[in-house]
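What follows is a set of notes on a single structure, which appears directly below.
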Ligand SMILES: Cc1cc2nc3c(=O)[nH]c(=O)nc-3n(C[C@H](O)[C@H](O)[C@H](O)COP(=O)(O)OP(=O)(O)OC[C@H]3O[C@@H](n4cnc5c(N)ncnc54)[C@H](O)[C@@H]3O)c2cc1C
Ligand code: SF4
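Chains as they are written, first to last, in the working numbering: chain A, 228 to 365; chain B, 16 to 514.
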């Protein structure tokens, strides 16, 4: 099992947090505890994956951060927001399947970190009842 | 190395293993020693708490997201006392006669499977849900189908005392689903079968297995001390589920040649389709899966079912991100969901292999018929959603995945194979089948029609790995029926096998 540092560097974690706000705009409004939970969830999930898969995620993050620099001469997070979204949309529907699948994997990690939080579930009105669900049927 | 001796070892405590354990349990009265070795733990009832991420990490392999090698589909299969029956929804469907005929296994008739299925339907309290317990997510599906002239059918389900938590796929917090963890395994234990949990079987040798007890930090503690074990037995029955049974046999040095081992894997690739209504509906309250439509099963190889998932699972099933994604999820109560299951052909190249560490790898290519079925199914589901009054729908294989009601008439042009981009579209599967298929020749099968591995008289498979082709319908009852048959075969030969 890898330790926390090996999953992500602090810089990568900060970049992932930035990406999260592009994928889920509401992630901008997370409080400090929620942000921490988002990162922890992603770290935990990656620690359960193989070293190779962790490496692939880190590599993918690097590519997202620096590939657009060829055109914009600055890293992803300092590009105009609309250009950031266009680049992510390009990755999502990229001609190469391996890129589409990589993007889906990354998106899944972000959604897990965000929508996996109990208080976020409440915010979107997901409030199931463990033992009395049938009582809510009209 | 600790040593143990048994007459019969059953590997895996899921639909197949639980059935075999209960069916062989009467042999314990004659002094035979039977053990079930289960990789996962036995959960306390209170542990099924509905926490989506934590539960997924506990009750599933790979948290329910086992990726195929081509990274375009995730597979979900359970681990623990009850196996996938702990996390299944409990819809209980008979194997159609035409499917049994297409399986064409000499000696295995549809009548045989149907009779055994009937026994488990009775045992597992299979019945249709009362109308008063049907929520609007389900009701709207029925309404939409009827408006389009489609036949909608009620699922027979195996629940008793359901409280409508909607948590079936995370383990039932009310012990209502009648899985093998609730019915067959406790009966087997009462008759003297030992269940050993936290026990991963690493390989099979000549009438023994090497296993390791490695406790998980959840569930009840293991029955045996942690460490390596060599466990001897006269008969070994492998019931690890299609992926793990194939992997276990592949990493064991079995005597003989098995060119079909791990091959002809099928899994009913599935898409979750989602609609948004103007008003909240009851969706996550109540039993999640009541209706299905199989009008297209024979012609286009797909069935449509109701479903309702949890926030993260739902989020990852939406093939977009950003504002559009968030707008769809802003009020979960407005969502309606349909699950599409494709009946996939058993192709030799779709297979389970093991890597250098003996871990399973699944190679899966989408057949043209599966792609075509999943594309057409999205159009049909879209029509159903709009006929039920949805404001907006999400179809992943569309030019733009979010489609407004104003475009309802354009689904034929919006949805098409050209937009079916693997890797972008979230495809998952929970019905793993094949890998040790039944048949007559070792060239294209692994076991005979009684689950005995070709050429190895003491080794049997009794789980979903036996399916020669996909079941085209929800498979658990057929798994139990086949396992029942394997157990009967062993009982009939018990005198010689267990002497
Ligand atoms: C989320 C979900 C929903 C489903 N819903 C339905 C439904 O509504 N209706 C339906 O008909 N079907 C449903 N299914 C499918 C059904 O549950 C399976 O087809 C069935 O349980 C397969 O039975 P099995 O015995 O082959 O494997 P499983 O039930 O998966 O059991 C295999 C067991 O073997 C254990 N094991 C594996 N390898 C080893 C090893 N090396 N050593 C020790 N133990 C091992 C595993 O931990 C597991 O407990 C669903 C499945 C899932 C995942
Ligand atoms: S909906 Fe019913 S059967 Fe499903 S988990 Fe809840 S109580 Fe159990």
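Where a beta carbon is used, it is the ideal one built from N, C-alpha and C, also for glycine.
Check: Using a Cβ-based criterion (distance less than 7 Å to any ligand heavy atom), does residue 92/B qualify as near ligand 1?; Outcome: yes
Check: Taking only beta carbons into account, state which residues of the region 322–344 of chain B come closer than 9 Å to chain A, listed in chain order.; Outcome: 325, 326, 327, 328, 329, 330, 331, 333, 334, 335, 336, 337, 338, 340, 341, 344
Check: Against residue 348/A, what residues of chain B qualify as contacts under a CB-to-CB distance less than 9 Å, listed in chain order?; Outcome: 67, 325, 326, 327, 347
Check: Around the Cβ of residue 231/A, are there at least 16 other Cβ atoms within 10 angstroms (buried) or fewer (exposed)?; Outcome: In this prediction, residue 231/A scores a pLDDT of 46, lower than 50, which makes its location untrustworthy; the coordinate-derived value is nonetheless stated afterwards. Exposed, because fewer than 16 other Cβ atoms sit within 10 Å of the Cβ of residue 231/A.
Check: Looking at the strands, I want to know which residues DSSP matches up with residue 317/B.; Outcome: 357/B
Check: I'd like to know whether the C-beta of residue 436/B is nearer than 8 Å to at least one C-beta of chain A.; Outcome: yes
Check: Can you name the residues of chain A whose CB is closer than 7 Å to the CB of residue 578/B?; Outcome: Examination of residue 578/B is not possible in this model, given that chain B is present from 16 through 514 alone.
Check: Of all Cβ atoms in chain B, is any one closer than 8 Å to the Cβ of residue 252/A?; Outcome: yes
Check: So is residue 231/A in contact with chain B if we call contact Cβ pairs under 8 Å?; Outcome: Residue confidence is low: residue 231/A scores 46 on pLDDT, short of 50, so the model does not pin down where it sits. No coordinate-derived value is stated.
Check: Mind checking whether residue 318/B and residue 468/B have CB atoms under 8 Å apart?; Outcome: no
Check: CA-CA distance, residue 234/A and residue 269/A?; Outcome: 9 Å
Check: How is the alpha helix (DSSP H) around residue 503/B delimited, first residue to last?; Outcome: 491–507
Check: Using a Cβ-Cβ cut-off of 8 Å, state whether residue 257/A counts as contacting chain B.; Outcome: no
Check: Looking at ligand 3, does it come within less than 7 Å of residue 490/B, judged from the CB to the closest heavy atom?; Outcome: What this structure holds is ligand 1 and ligand 2, not ligand 3.
Check: Near residue 337/A, what residues of its chain come up, given a Cβ to Cβ distance below 6 Å and the 5 sequence neighbours on each side ignored?; Outcome: 247, 250
Check: Using the three-state DSSP reduction, which class does residue 22/B fall into: helix, strand or coil?; Outcome: strand
Check: Could you check the C-alpha separation between residue 235/B and residue 163/B for me, to the nearest Å?; Outcome: 50 Å
Check: Please give me, in chain order, every unbroken run of the alpha helix (DSSP H) with length at least 4 that falls completely inside the region 177–254 of chain B.; Outcome: 199–205
Check: In the DSSP assignment, find the unbroken alpha helix (DSSP H) run with residue 326/B in it and report its ends.; Outcome: 326–331
Check: For a test of the three-state rule: what should DSSP assign to residue 4/B, helix, strand or coil?; Outcome: Because residue 4/B is not part of the residues shown, which for chain B are 16 to 514, the question remains open.
Check: What number of angstroms, rounded off, separates the C-alpha of residue 352/A from the C-alpha of residue 120/B?; Outcome: 50 Å
Check: What is the DSSP secondary structure of residue 286/B, counted as helix, strand or coil?; Outcome: strand
Check: Any residue with its C-beta under 6 Å from a non-hydrogen atom of ligand 2 counts. Can you list them all in chain order?; Outcome: 174/B, 177/B, 178/B, 179/B, 180/B, 181/B, 182/B, 183/B, 187/B, 189/B, 191/B, 192/B, 302/B
Check: Please report the distance separating the alpha-carbon of residue 37/B from that of residue 330/B.; Outcome: 40 Å
Check: Select from 130/B, 328/B, 223/B the residue whose C-alpha is nearest the C-alpha of residue 443/B.; Outcome: 328/B
Check: With a Cβ-Cβ cutoff of 8 Å, do residue 194/B and residue 97/B count as a contact?; Outcome: yes
Check: With 8 Å as the threshold, decide whether the Cβ of residue 512/B is near any Cβ in chain A.; Outcome: no
Check: My understanding is that residue 191/B touches residue 214/B, with C-beta atoms under 8 Å, so please give their C-beta distance in whole angstroms.; Outcome: That pair is no contact at about 28 Å.
Check: Rounded to whole angstroms, what is the Cα-Cα separation between residue 45/B and residue 204/B?; Outcome: 15 Å
Check: When DSSP labels each residue in this structure, what does residue 305/B get in the three-state scheme?; Outcome: coil
Check: Please confirm if residue 356/A has its CB atom under 8 Å from at least one CB of chain C.; Outcome: Looking at the structure shown, chain C is missing, and the protein chains on hand are A and B.
Check: Could one say the Cβ of residue 319/A lies closer than 8 Å to chain B's Cβ atoms, at least one of them?; Outcome: yes
Check: Taking 8 Å as the limit between beta carbons, can you name the residues of its chain near residue 269/B, skipping five residues before and five after?; Outcome: 219, 468, 471, 474
Check: With DSSP run on the structure shown, which of helix, strand or coil describes residue 343/A?; Outcome: coil
Check: Can you tell which of 168/B, 64/B, 446/B has its C-alpha closest to the C-alpha of residue 481/B?; Outcome: 446/B
Check: Whole-angstrom Cβ separation of residue 465/B and residue 504/B, contact assumed at under 8 Å?; Outcome: 4 Å
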